[in-house]
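To keep things clear, I will list the structure first and then write my remarks on it.
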Amino acid sequence: MPEALYGSPEAAPELPAFPELTLIGQHHGTYLIAQNEDGLYLIDQHAAHERVNYEYFYEKFGHPADASQELLIPITLEFTSAESEKLKERLNWFESAGVILEHFGGGTFRVVSHPYWFPSGEEAAIIEEMAEWVLQERQIDLAKLREKSSILVSCKASIKANQKLTPEEATTLIQRLAACKQPYTCPHGRPIVVSFSTYDLEKLFKRVM
Numbered sequence: 000m001p002e003a004l005y006g007s008p009e010a011a012p013e014l015p016a017f018p019e020l021t022l023i024g025q026h027h028g029t030y031l032i033a034q035n036e037d038g039l040y041l042i043d044q045h046a047a048h049e050r051v052n053y054e055y056f057y058e059k060f061g062h063p064a065d066a067s068q069e070l071l072i073p074i075t076l077e078f079t080s081a082e083s084e085k086l087k088e089r090l091n092w093f094e095s096a097g098v099i100l101e102h103f104g105g106g107t108f109r110v111v112s113h114p115y116w117f118p119s120g121e122e123a124a125i126i127e128e129m130a131e132w133v134l135q136e137r138q139i140d141l142a143k144l145r146e147k148s149s150i151l152v153s154c155k156a157s158i159k160a161n162q163k164l165t166p167e168e169a170t171t172l173i174q175r176l177a178a179c180k181q182p183y184t185c186p187h188g189r190p191i192v193v194s195f196s197t198y199d200l201e202k203l204f205k206r207v208m
């Protein structure tokens with residue numbers, strides 16, 4: 000049976016080294032197929048890219064104010080009266096993530112600044128999801144805010160399923176995944192890599208008992 004390679008960020012120092020792999024191809028624009036002398040590997044390309052992006056953005060969110068850029072045209076967001084009252088008390092949480100959100104009256108808020116490395120075209124969606132999360136939480140510490148913000152941004156910035164990659168793009172993704180601190184699970188905890196040893200394959204084809 001296939002072997003799923005799991006591991007939480009907390010367990011990262013004890014994880015096995017990521018194997019050296021040679022790309023074979025891509026299945027249904029979703030899974031990368033690779034191999035080495037030990038067997039066959041299937042890699043979820045979206046989960047892999049999420050992990051790569053998550054570690055990148057987690058580092059960025061460690062110093063969000065340094066990367067915050069003022070917008071020429073503010074992003075306008077609308078909320079209910081109850082949401083607005085709660086948001087007005089929590090604007091400093093957004094500022095901790097490099098997002099300057101201002102109350103503009105009624106249920107209207109304006110984003111006047113956000114980190115320049117937010118994925119282009121996804122800025123409003125990211126901040127709306129951030130606001131939704133902030134509204135749901137009773138208490139938020141900076142570590143939790145950094146983690147959640149990194150997950151939101153990495154998901155928006157990652158390639159999706161059913162997206163064709165060139166061999167060069169796929170190979171680069173595998174190489175970048177191998178360089179991650181935690182290359183075996185995505186930020187949501189799902190496995191990125193599933194492997195079949197040569198013995199597993201031989202057993203499936205009844206070459207061995």
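So in numbering that gives the first Met the number 0, the last one in the sequence shown is 208, and the numbering has no gaps at all.
Even for Gly, the Cβ is constructed at its ideal location relative to N, Cα and C.
Provide the residue span of the beta strand (DSSP E) that contains V111, from first to last.
-> Position 112 of the sequence shown, counted from the first residue, corresponds to residue 111. 107-114 is the span of the beta strand (DSSP E), which, as asked, contains V111.
State yes or no: is the C-beta of E49 within less than 8 Å of the C-beta of C154?
-> Looking up residue 49 in the sequence shown gives position 50. Looking up residue 154 in the sequence shown gives position 155. Their beta carbons are under 8 Å apart, which means E49 touches C154 by this criterion.
Pull up the CB-CB distance for N161 and T29, whole angstroms please, since I reckon it's below 8 Å.
-> The count along the sequence shown starts at 1 and reaches residue 161 at position 162. The count along the sequence shown starts at 1 and reaches residue 29 at position 30. Contact flag correct, Cβ pair sits at about 6 Å.
Write down the C-beta distance between S149 and F60 rounded to the nearest angstrom, noting that I regard them as a contact closer than 8 Å.
-> If you number the sequence shown from 1, residue 149 lands on position 150. If you number the sequence shown from 1, residue 60 lands on position 61. Indeed they touch by this definition, with Cβ atoms about 5 Å apart.
Helix, strand or coil: how does DSSP classify V98 here?
-> As a first step, residue 98 is located in the sequence shown; it is residue number 99 there, counting from the start. It is coil, neither helix nor strand.
N35 - DSSP class collapsed to helix/strand/coil = Position 36 of the sequence shown, counted from the first residue, corresponds to residue 35. Strand, per DSSP.
Runs of beta strand (DSSP E) wholly within the stretch 22-77 (minimum 3 residues, chain order) | 30-35, 38-43, 67-77
Skipping 5 residues on each side, what residues in its chain have a beta carbon closer than 6 Å to that of E2?
-> Counted from its first residue, the sequence shown places residue 2 at position 3. In this prediction, E2 scores a pLDDT of 36, lower than 50, which makes its location untrustworthy; no coordinate-derived value is stated.
Any idea what DSSP makes of S7, helix, strand or coil?
-> One-based indexing of the sequence shown puts residue 7 at position 8. Since pLDDT at S7 reaches only 36, below the 50 mark, its modelled position is unreliable, and the value read off the structure follows with that caveat. It is coil, neither helix nor strand.
Out of A156, Q68, T165, E128, which has the shortest C-alpha to C-alpha gap to K147?
-> Walking along the sequence shown from the start, residue 147 turns up at place 148. For K147, the nearest C-alpha among the options comes from E128.
Measuring CA to CA, which of A177, A130, N91 is closest to T79?
-> Residue mapping note: residue 79 aligns to position 80 of the sequence shown, counting from 1. Of the listed residues, the one whose Cα sits closest to T79 is A130.
Would you list, in sequence order, the uninterrupted alpha helix (DSSP H) runs of no fewer than 4 residues that lie entirely inside the stretch 153-208?
-> 166-177, 197-203
Own chain, CB closer than 6 Å to V133, minus 5 neighbours either side, in chain order = Along the sequence shown, one-based indexing puts residue 133 at 134. So the qualifying residues of the chain are R89, W92.
Drop a sphere of 10 angstroms on the beta-carbon of D43, count the other beta-carbons inside from all chains shown, and report buried for 16 or more, exposed for fewer.
-> Residue mapping note: residue 43 aligns to position 44 of the sequence shown, counting from 1. Result: buried.
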